[in-house]
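What follows is a single structure, written as structure tokens, with notes after it.
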């Protein structure tokens, strides 16, 4: 399933919902402060907001399974919040490096997992080309560029970890990423909120979400079942994998 549905899709989805959750918390906290904020707490509010967002985001990441991509996103949120409190600015690459440092400091064995390298290499490639697309078709071009750079950058890592390259990834991503990003993830977060406040509305929403997932999932299964969906080349030597990774990142840049 990992190879068939697309590595980039799974990495994106693993981090997207944590990012969406953190952004939703920031938006809600700002709205609450605008309505009921007290001048006496104005000096302490940034720290209180950051601690609350970080604690809830960390708890959500644990509930989501604490996979490496999920923890990577939570670590990047933590670094961003700390930088905001310290009134310091770092570039995206430095924030990503700091998140990698936090994960390895907390669990040195994380660096031996394929998920660690897949997650950080994919995000590094995306950050390197974040502003590559422009013009009226910026969103579509940006999505196409993201698919290309992730495919190129992750191919050496996939060869080293699984001796396989999912050729079907771009097609699977074209279906799954919009479905999950624009529909399922936001509505799932809304459903969680409604479950605690309006159970009958939440039940109706869960039924609609299940229908949407049932409609999209067979297409992903069909793509993964194609004989050309995954390429299994001969196992490459370690030096060739390292050289290929360097060339892939150079090509992305």
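In the working numbering, the protein residues as written are -18 to 234. We treat Cβ as the ideally placed atom computed from N, Cα and C, and that holds for glycine. Just so we're clear, the structure is a prediction, and the values are computed from it rather than from any experiment.
- Task: Check whether the Cβ atoms of residue 92 and residue 102 sit closer than 7 Å, and answer yes or no.
- Result: As a position in the chain shown, residue 92 is number 111, starting the count at 1. As a position in the chain shown, residue 102 is number 121, starting the count at 1. No; because the gap between Cβ atoms is not below 7 Å, this pair is not in contact.
- Which of the three DSSP states, helix, strand or coil, is assigned to residue 148? Position 167 of the chain shown holds residue 148. The answer is coil: DSSP assigns residue 148 none of H, G, I, E or B.
- How about residue 60 and residue 78: are their beta carbons less than 7 Å apart? On the chain shown, residue 60 is found 79 positions in, with the first residue counted as 1. On the chain shown, residue 78 is found 97 positions in, with the first residue counted as 1. No, Cβ-Cβ distance for residue 60 and residue 78 is not below 7 Å.
- Message: Residues in the same chain with beta-carbon distance under 6 Å from residue 207, minus the five sequence neighbours each way, listed in chain order, please.
- Response: Start at 1 with the first residue of the chain shown, and residue 207 comes out as number 226. If we look at residue 207 and ignore the five residues flanking it on each side, it has no Cβ neighbours.
- Message: For the pair the stretch 136 to 144 and the stretch 211 to 223, tell me if three or more CB-CB distances fall below 8 Å.
- Response: yes
- Coil, strand or helix - residue 221 by DSSP: The residue you call residue 221 lines up with position 240 of the chain shown. Helix.
- Message: Tell me the DSSP secondary structure of residue 212 in three-state form.
- Response: Counted from its first residue, the chain shown places residue 212 at position 231. The answer is strand: DSSP assigns residue 212 an E or B state.
- Query: Looking at the unbroken alpha helix (DSSP H) that takes in residue 178, where does it start and where does it end?
  - Reply: Walking along the chain shown from the start, residue 178 turns up at place 197. 166 to 178 is the span of the alpha helix (DSSP H), which, as asked, contains residue 178.
- Query: From 69, 26 and 3, pick the residue whose C-alpha is nearest to that of residue 42; which is it?
  - Reply: Within the chain shown, numbered from 1, the residue matching residue 42 stands at position 61. Here the closest residue by C-alpha is 3.
- In whole angstroms, what is the alpha-carbon distance linking residue 13 and residue 62? Here the question's residue 13 lines up with position 32 in the chain shown. Here the question's residue 62 lines up with position 81 in the chain shown. The straight-line gap from Cα to Cα measures roughly 19 Å.
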